[in-house]
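A.B. asks: All residue numbers for the sequence shown refer to my numbering, where the first residue is 14 and numbers rise by one.
Where a beta carbon is used, it is the ideal one built from N, C-alpha and C, also for glycine.
Quick one: the structure is below, and I'll ask about it shortly.
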Amino acid sequence: MPDLWSQQYMPLDYMDDNIFSGVIKKIGMVELFLVIEDLLNDKAAGLSKIPNELWKHYNKEVLACLLKLLNLCLSLDMIPAA
């Protein structure tokens, strides 16, 4: 990298290292319910092959497991690319 640009990518002394620590917060059950409620019906399933209608009919225990998985992905910074 040219010296002209390498200085642009150096850490800034006046920038707080924790500036983004609150950006990714845990997902709450209410937020999960709202997202699932807004899913459109009669649409092709994604990579999971689980149709939207099925998500809407799962009980709270299944959704609680999904919520734990989603929050674990966030906390471990292991978000699937696809």
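1) Start and end of the alpha helix (DSSP H) containing Asn84?
2) Counting beta carbon pairs with one atom in the stretch 31 to 44 and one in the stretch 76 to 83, are three or more of them shorter than 8 Å?
3) Classify Ile49 as helix, strand or coil using the three-state DSSP reduction.
4) Whole angstroms are fine: how far does the CA of Pro64 sit from the CA of Val75?
5) If you draw a straight line from the alpha carbon of Pro93 to that of Lys62, how long is it in whole angstroms?
C.D. replies: By the coordinates alone:
1) Here the question's residue 84 lines up with position 71 in the sequence shown. Lys73 to Leu89 is the extent of the alpha helix (DSSP H) around Asn84.
2) With three or more CB-CB distances shorter than 8 Å, the stretch 76 to 83 counts as touching the stretch 31 to 44.
3) Position 36 of the sequence shown, counted from the start, is the residue given in the question as residue 49. Reduced to three states, the DSSP call for Ile49 is helix.
4) On the sequence shown, position 62 is the one that residue 75 refers to. On the sequence shown, position 51 is the one that residue 64 refers to. Spanning the two alpha carbons is a distance of roughly 15 Å.
5) Along the sequence shown, read from residue 1 onward, the residue named residue 93 stands at position 80. Along the sequence shown, read from residue 1 onward, the residue named residue 62 stands at position 49. The alpha-carbon atoms of Pro93 and Lys62 are separated by roughly 16 Å.
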